[in-house]
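Student: Quick note on the working numbering: the sequence shown kicks off at 1329 and runs consecutively.
Even for Gly, the Cβ is constructed at its ideal location relative to N, Cα and C.
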Amino acid sequence: MTLSCFRIVKEPFAADPFSGDGAFEFGGRWNSPGSRIVYASESLALACLEMLVHLDKASILRSYIFIEARFEEKMVIGVEDVSPLPSDWHSAPGSIELQSIGDEWIASGSSPVLRVPSAVLPRSSNYLINPEHEKFGEIICSDPETIGFDPRLK
1329 MTLSCFRIVK EPFAADPFSG DGAFEFGGRW NSPGSRIVYA SESLALACLE
1379 MLVHLDKASI LRSYIFIEAR FEEKMVIGVE DVSPLPSDWH SAPGSIELQS
1429 IGDEWIASGS SPVLRVPSAV LPRSSNYLIN PEHEKFGEII CSDPETIGFD
1479 PRLK
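Dropping the structure here:
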């Protein structure tokens, strides 16, 4: 079965949206700085929500693009059960325990994609993609498309 996910980036990063450079430099909920991970979401709507919670109101009117990535389900392992996660796993910023889950997944090389729960919408999933995994090339990415946000969001 083929799965898909969506990634939104600012237009200047459209040339290489799966580099993992931002997560490598700054870290994220599921990785510490120094680990290349690409964050994506199971739907375009969730990708929008995930991005919007991090923006100030003026940033909404900038130019953004989205890319759809498709991959085989066998390429994915997942954090299916949130009960073993820290009780504040969905709080901002993410905890060291969550970052170590992503860091250990990267180090293991066990899969090119890791499914994790969304902190913004916990019954939904985000996908972490390892751009340095040997099977990363099997992930098929769409051409970038512009996405515009309704000005009422500001």
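1. Quick check on E1401: buried or exposed, where buried means 16 or more other Cβ atoms within 10 Å of its Cβ?
2. Whole angstroms is fine: what's the gap from F1477's alpha carbon to L1380's?
3. Between the region 1433 to 1447 and the region 1391 to 1405, can you find at least three pairs of beta-carbon atoms closer than 8 angstroms?
4. Rounded to whole angstroms, what is the Cα-Cα separation between E1466 and A1342?
5. By how many angstroms is the C-alpha of S1415 removed from the C-alpha of F1334?
6. Please classify G1362 as buried or exposed, where buried requires at least 16 neighbouring CB atoms within 10 angstroms.
Tutor: Straight from the coordinates:
1. exposed
2. 10 angstroms
3. They touch, by the three-pair rule.
4. 20 angstroms
5. 27 angstroms
6. exposed
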